[in-house]
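Numbering (this note's numbering), first residue to last: 270 to 649.
Everything below concerns the one structure shown next.
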């Protein structure tokens, strides 16, 4: 592909830009509030001194992001487990494509797991709708986040898609960085993880190589993330309910509220599975199909990887049984079932009284039950 691109508007910071970004962060009027929120017992001046000693992106991740996410893990989860990272080779880069349940934590937990196993962390896609405010932008770009521009007309959308595709390929093949991207535009709201064909088409826009060579170069590697308690489950329930009757319009600061809710909410156990990359042979099988069917088949392969490695927790089985009748009662106790029902009722009680309670319960339970339907073949 002969096009050249200006990656300046989207790329993360490099090491040379770290000191200026650190200075901007520590002088931001909101920085003391962020410190008090994230580290309530810390002295702000001491934190500023620690920040001022950071000179590289890797140091920022090691001294700031890694401890911060570890704190979230210890305070809001009952443990984060993983599988598949032992198969990774630090000399090989990947396009990690993951099911998407939480705005921040899906990729943050992956980076912690990679870091602790001695594997280089990845660059992370971040929607321009979330990159608002200098403090957020500076912290994000120091954390190897690059911007995907949201919105615009069809022409702008295509142009932005080509540029993002080019940047991701550049990061993998030239910068020697892995990349994390969600399998869809936005989080899965209803628990039904499914790879969007448009995301995969976007991958291919940055190369004129044939289908197999084009995508094999990216080493597409599905990642399956499972939460015992779904981040923002009650916010998602309300959104899905409203969407049944009218076009859902986000409120002011709704994305920020979702980020904070997802971080603070107790999540129970969390599991991340890094699956085997899509092989060249699998791409060749897809390539035997008609043009549009190739990408559809690739999406199905990614979905199969994610479903096969999705860890089903007791909450998923309880929700399934509450919807469809007792089938998995051997996977949980009656006490655990009663606790989950109490959890559901407590959260739904906080939603609008004008909403139909029975409908809300159906939507909420579906969020947890859909992974059982997807992951266990006899449930389809």
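Just so you know, even glycine gets a beta-carbon here, dropped at the ideal spot from N, CA and C.
Give the C-beta separation of residue 484 and residue 431 to the nearest angstrom, bearing in mind that I take them to be a contact with Cβ-Cβ under 8 Å.
-> Beta-carbon to beta-carbon, residue 484 and residue 431 are separated by about 16 Å, too far to satisfy the 8 Å threshold.
Segment limits, beta strand (DSSP E) that includes residue 574 = For residue 574, there is no enclosing beta strand (DSSP E); the enclosing alpha helix (DSSP H) covers residues 560 to 578.
Taking DSSP as the reference, what is the three-state secondary structure of residue 508?
-> helix
Contact the region 633 to 646 vs the region 580 to 599: 3+ CB pairs below 8 Å | yes
Quick one: grab the DSSP three-state call for residue 347.
-> strand
Output the distance between the C-alpha atoms of residue 544 and residue 380, rounded to the nearest integer angstrom.
-> 15 Å
Can you grab the Cα-Cα spacing for the pair residue 277 / residue 409, in whole Å?
-> 15 Å
For residue 433 and residue 281, the rounded distance between their alpha carbons | Approximately 13 Å, taken between the alpha carbons.
Which same chain residues, not among the five before or five after residue 441, have their C-beta less than 8 Å away from its C-beta?
-> Excluding positions up to five away in sequence, the list reads 362, 363, 364, 447, 448, 486, 487, 488.
Rounded to whole angstroms, what's the CA-CA distance from residue 636 to residue 283? Just pull it up for me.
-> 39 Å
Whole angstroms is fine: what's the gap from residue 391's alpha carbon to residue 567's?
-> Taking C-alpha positions only, residue 391 is separated from residue 567 by approximately 23 Å.
Can you tell which of 519, 528, 401 has its C-alpha closest to the C-alpha of residue 376?
-> 528
Neighbourhood of residue 605 by C-beta, 6 Å cutoff - its chain only, sequence neighbours within 5 removed | 583
Report the residue from 523, 496, 492 whose alpha carbon sits nearest the alpha carbon of residue 507.
-> 523
Skipping 5 residues on each side, what residues in its chain have a beta carbon closer than 7 Å to that of residue 373?
-> 528, 531, 532
Report buried or exposed for residue 649, applying the criterion of at least 16 other Cβ atoms within 10 angstroms of its Cβ.
-> Note on residue 649: pLDDT 47, under 50, position unreliable in the model; no value is reported.
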